[in-house]
Structure formats: C-alpha cells, structure tokens
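Visitor:
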Amino acid sequence: MINRLEEAIWARDLTVRQVSIKSGVSKSTISRLMKDKTAGISMEAGLKICKALGADPRDIFII
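Each number in the numbering used here corresponds to the 1-based position in the sequence shown with 14 added.
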C-alpha cells in the first residue's frame with residue numbers, strides 16, 4: 015500500500031496532533047503510517063483520518 019497521508023496533511027496546513035484530535039486516531043498511529051512504519055491500519059481508522067482531512071480514501075491510500 016502506498017499512502018499520501020503526509021502530503022495530504024501538509025497540503026491542508028495541519029499537524030499530526032490536529033489530525034489526531036479531529037479523527038480520534040492516535041498521533042503515534044498517524045506518525046507510523048506517514049513514515050510507512052506499519053503494515054497497515056484498520057479500515058475504520060483510515061476512514062476516520064480521511065474524514066478529518068476531508069479527503070477521499072482513494073486519494074490517500076493506494077493499493
């Protein structure tokens with residue numbers, strides 16, 4: 015899986031902390047995902063992050 019999470023966060027001038035608060039997903043999970051240090055995340059967490067960013071999941075997570 016390729017993710018454009020970091021790009022999406024910076025493009026919206028947000029911090030990991032802000033996305034964490036908006037999405038309810040931990041900062042550590044978001045940071046690991048941004049750095050490709052995780053094998054994946056749950057569908058629920060991915061959707062929460064996308065909703066917090068106002069983004070379509072297909073634009074952030076590419077399989």
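Just so it is clear, CB atoms sit at the ideal spot from N, CA and C, and this is done for glycine as well.
Run through DSSP, which three-state label would isoleucine 63 get?
Guide: Correct three-state label for isoleucine 63: helix.
Visitor: How many angstroms separate the CA atom of serine 56 from the CA atom of leucine 47?
Guide: When rounded, the distance between both Cα atoms is 11 angstroms.
Visitor: Using DSSP's beta-bridge definition, name the partner residues of isoleucine 76.
Guide: Bridge partners of isoleucine 76: Ile16.
Visitor: Tell me whether serine 42 is buried or exposed, calling it buried when 16 or more other Cβ atoms sit within 10 Å of its Cβ.
Guide: Answer is exposed; the Cβ neighbour count stays below 16.
Visitor: Whose CA, out of Lys65, Arg72, Ala25, Ile77, lies closest to the CA of serine 34?
Guide: Selected option, being the one with the closest Cα: Lys65.
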